Each structure stands twice: as structure tokens, then as C-alpha cells.
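Protein chains in written order, with this note's numbering: chain P, 3 to 292; chain V, 2 to 334.
Glycine included, every Cβ here is placed at the ideal spot set by N, Cα and C.
Nothing here was measured: the structure is a model prediction, and the numbers come from that model.
Since the structure comes first, as C-alpha cells, the remarks are kept for the end.
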């Protein structure tokens, strides 16, 4: 790809794909921006009049908005904490030579293949159900009162479900990173008098930083949009206890039929996500430079 | 102090015995080189001494204390690895200070020792760089620096020069030898390169398939190799071996003559032959001579010798420089 000719040929050939992707993104975004400035309610017939910033005003002053922001933050950070810490520990465990390593690794990765609605339903009905769930059975076997996870601690339960889904991803990425650690470095540290804990802190963790950043970046992008797990378990409730920003936008547009308000919420979510993405990208860039 | 004794040490991986029972004494302050072809167990032996591998049986004593079961950190040994094994996320200063930090030494004392080591190794200007920003030779010096700050009983080197280019290798060889003269600490050095062994060692240990073939000073091994393996391994270019009638004339199964102990003549000599290839190095000329039934012989001649492909010449071994071996490959005294 060195000559002027081959470069322009390359540009020409990738342009259809670029244009398609651009259109794919620009058209829905432009329509959302447009709707967010209209009085557009599916229950009100008649002309869609221009509403100015009133959709934004009502969305941003809705008390549910702040709850949703807070819940989104707790959900993302909670899942990130569980998956990175748990992922590092699981990866360390799976890196040990053992019998049946291949099968165990496949089993560990399995939750990632289960679709979110299914795994959330399994958790809801078979684990967390206060009557039939296995946690209730364990509690009863121990002579304790069964705990109703989804109504007593809805957000925590959702964090648990989502973390269970994402733990394999983190484990997998961190395991491959761990396997690329030079064994001579570990031996050198051993000769230098570093204990197992010191080797973990001074050699393993710095080696994993880059992969941990990648895990955090990718998971954050997906966790900001968690929806299916909430829809099939708590429906954002009780009240707004487990409503995140995505679910709030859904509620606004499709439960209250307020397309204008929902679109305004969508644009707010896009702006917030971009702010997060800019910070994350900076962090990643810094980490990758070293 | 750094006296290391191996007593009946063996090492097996599963059913495979890598090192059959082996005894070896390394005296305090000695520069000992383990040399042998790849896969001969020399690196394994070093790792056994370091404690990175467990011995299958036998005992390792360091300064008269049994260290067989001691973890690597308790043996007061420092190792320089083939890949240098520097910590990539730490600066040179932190790399060198790492063993001191692990030993719980005060930061200002750490800094003093790092500075001292950096001065010895010409690293003072590079202390704030990361290993990735250094050249091969500098990385090598950082690895050595990390080893010397601990003031260990002995240094272990695992093929430390094999990743360097030829010119740098000669330089580092000198630097390590000088370091040994100034520190006077025991050094155990593993290499497959017999030139490194000959130039650096006080004592060479020639290993083959986990067994010690011969132990001795470089010149001892050169003058009187104990068997065919040592004779063929030590010396460059390697010794010429002759069998059949030529050997029988000296009451031996095999005789060996080093290329530098063959006299070249255009007119007369014991073994006639034809030059196949002549390699002019400037200072010397290596002639590969096809001597008919005797096979191909290598001769080291003067740099000015003008022999070409196809030239007919005569070779005569110098008296008293013929090594004789019996049917088992053992040298005949």
C-alpha cells in the first residue's frame, strides 16, 4: 500500500462499507434528535408540533432520572468490580496445571454463550425465587427465612446476574494475558527473594494492567446498555429501584408512549456514554503507550 | 564465601533421567563454566543449584550448609537469565533495586547500592529508562546489576550472551571476566560456546547427556582431553579424528590431531591430499583437505598461505601432539 495509486484504490474500495456504516449510524441518530424536539405521543393524534427543549427539561427534572443515573453507575461499577477481581482470581486458578484443564476451561466460559434473557430467567425462577429457588431451599435447609432477592435487593440481584454473565469474558481475556507472562521473569523474582504475594503484586498485576483496561473498556460499553436482564426480572422495580438509564428511556417511549421524551432521554444517554468513552479511551491510550 | 558442592545429585523428569548421579565441587571465588551441546543438561544443572528445580535425589551444599530443600531466595545466589528476565514495567533503577526492596532494605541505602552498581556497569545515564528502551548489551548489564546489588555468595549465568551479536558478545565476555576479577565472587556460567568456556573459565566442566565428561582448566582440557567427546568439543576448528591403519600405526583405535598441529608442505609429508576449500581469515587460513581414505582433514595454516581449490599438498602431524584413543573412546596415556 505504498504508491499513490494503490492508496486511492484502497480508499475507493472501502468507501461503500464506510458509507453504509455511516448511514446506519447517522440516520437513526438524526431521527432521534429530530423526535426529541417534537411533541410526539403515540396516544395523542394530530400534528406533531415543535416542542423546543421541553422534552429535555421534563426528562432531566424527572426524579426517576437521577435514580436511573445512580443505578446505572452502581450497576456498571458493581459488575466491573466483581468481574475484574473474580476474573483475575479465576484466571490464576485456571492457569495452574491440572487434570481436565480443557473441559474446565470450556465450562467456565459457558455462561457467556447463554443469552441474557435466558440466563436472567434461570436466575429468577430457579435460583432467586423465594419459594422454588435453590437459594430459598438452602436457606430453609439451614433453618433460615428465605430471602426474596428480586424484591428485597433488586439492583444487587441484577448485578449478580450480569456479573455471572460477564465473568467468563474477563476470565478468558485475563487467562490469555497470564499465559503470556514470561516464566523467567517469575523465576527471576523468586531468586530476588520475592514471596508469592510480592510476585503477584509486583509482577503479575503490572503484567495484567493492559488486559484489565481492555476488559473494563469493553464491559463498560456493554454494561451501560443492560436491558434484557432488567426487563425479564424486575421490570425496573420495585418503583424505580432497579431502573437504569436504558430502561428509563424504554419506559418513557414504550410504556408511556412518549416518543419525544424517550428520544430526549436517548440523546442524553448518548452524550453521557460518550463522556465515559472519552475518559476510558484516554485511560487506555495511556496504558497502551507504556 | 561461595563454595558449592553437589553430592550424588540426580534429576529425572518422569521416566527420563536428565542427570544421572553427579558429584561436583565449586571452590570459593572460582569461575566455573558448564559447557556441552544443547540438551546435555547444563541448564538443568544450573537450575538445580539455583533451586528453581528440585533434585530427584542427592544433596546440594552451599558453604557447607545443606541447601537441598532451601527455596531459591534463601540460597544467597543470584542468577542472570538468557532472556535477561527484566521487569518490563519498571525502570532500570527499580529493576536493580527490586531484590533490595524485597529484602526490606531502607530506600536511601537501596539508592546508594543502585548508584554503585550503575557506576560499575556504566548504567548511570540509563537509570530512569525502561528495559524496552535499552539495547541488548544494556539490558544484559541491567540483569547483571540486579544480580550484584544483592552481594550474593555466587552468581549463576544461564547462557547470558547468546542473544547478543558477535561484537557485543566479545565485549561482554571481557566485562564479565573483569567483573569476576574485581568482585572475586564465585561464578557459575552455562554456555554451549566452547570459545566462551575457554576464554573465561578457571575451571571447565564438560557435560554430555547429563554426565560430567571432564573437569579441568581450559588448557588441561585442550592438552589432554580424557576422551573423544572432550577432544572433539574443545578447540576450534575441531580436532581431526583418524581411524584405521593410520591409527593402528600408533597402537590406537582412533587418533586425533588438532588442525594447528598439522604441518603443511607442497613437496613431501606423511599424508597426501587435495585442498577442497580454503578459508582465509587474514590471520590464519583454514584448509579443508581431502586426504583420500583418511577422510577430510582440517589444517590451520599461516594467513599468507596461498592454497587454492584442487592444489595437491602433504600433511604431517607434529610429534608429541597426537592424541590416542582406545576402542571405548578413552584417551590412552
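| Check | Outcome |
| --- | --- |
| C-beta neighbour in chain P for residue 82 (chain V), strict 9 Å | yes |
| Any chain P beta carbon closer than 9 Å to residue 190 (chain V) | no |
| Terminal residues of the beta strand (DSSP E) in which residue 308 (chain V) lies | From DSSP, residue 308 (chain V) is part of no beta strand (DSSP E); its letter is neither H nor E. |
| First through last residue of the alpha helix (DSSP H) which encompasses residue 242 (chain P) | Element bounds for residue 242 (chain P): n/a, residue is neither H nor E. |
| Between the CA atoms of residue 233 (chain V) and residue 37 (chain V) - distance to the nearest angstrom | 11 Å |
| Other residues of its chain near residue 129 (chain P): CB distance less than 7 Å, five sequence neighbours each side excluded | 135, 136, 137 |
| Identified DSSP bridge partners for residue 318 (chain V) | V:263 |
| Distance CB(residue 155 (chain V))-CB(residue 79 (chain V)) smaller than 9 Å | yes |
| Any chain V beta carbon closer than 9 Å to residue 209 (chain P) | yes |
| Residue 106 (chain P) classed as buried or exposed, judged by whether at least 16 other C-beta atoms fall within 10 angstroms | exposed |
| Residues of the region 88-119 of chain V with Cβ closer than 7 Å to any Cβ of chain P, in chain order | 88, 90, 99, 100, 103, 104 |
| Contacting positions in the region 180-203 of chain P - beta carbon closer than 7 Å to chain V | 184, 186, 187, 189, 190, 192, 193, 194, 195, 196, 200 |
| Paired residues, beta bridge with residue 161 (chain V) - DSSP | BP columns for residue 161 (chain V) are empty, so no partner. |
| Interface partners of residue 73 (chain V) on chain P, CB under 7 Å | 192, 193 |
| Closer than 8 Å at the beta carbon, the chain P residues around residue 53 (chain V) | 189, 192, 193 |
| Rounded Cβ spacing between residue 56 (chain V) and residue 192 (chain V) (contact assumed at less than 8 Å) | Not really, about 22 Å apart at Cβ, beyond 8 Å. |
| Cβ pair residue 129 (chain V), residue 163 (chain V) closer than 9 Å | no |
| Environment of residue 227 (chain P) [buried if 16+ CB atoms lie within 10 Å] | exposed |
| Burial state of residue 166 (chain V), where buried means 16 or more other Cβ atoms lie within 10 Å | exposed |
| Rounded separation between residue 249 (chain P) and residue 207 (chain P) - CA only | 36 Å |
| At least three beta-carbon pairs within less than 8 Å, the region 99-119 of chain P to the region 166-177 of chain P | yes |
| Bridge partner(s) assigned by DSSP for residue 81 (chain V) | V:158 |
| For residue 288 (chain V) and residue 308 (chain V), believed in contact at Cβ under 8 Å, the rounded distance | 6 Å |
| is_contact[residue 142 (chain V), chain P] using C-beta, thresh 9 Å | no |
| Chain-order list of residues whose beta-carbon lies under 7 Å from that of residue 187 (chain P) (same chain, five-residue window excluded) | 205 |
| Where residue 54 (chain P) falls: helix, strand or coil (DSSP) | coil |
| Contact with chain V by residue 286 (chain P), beta-carbon distance below 9 Å | no |
| Extent of the continuous beta strand (DSSP E) to which residue 21 (chain V) belongs | 17-27 |
| Interface partners of residue 205 (chain P) on chain V, CB under 7 Å | 88 |
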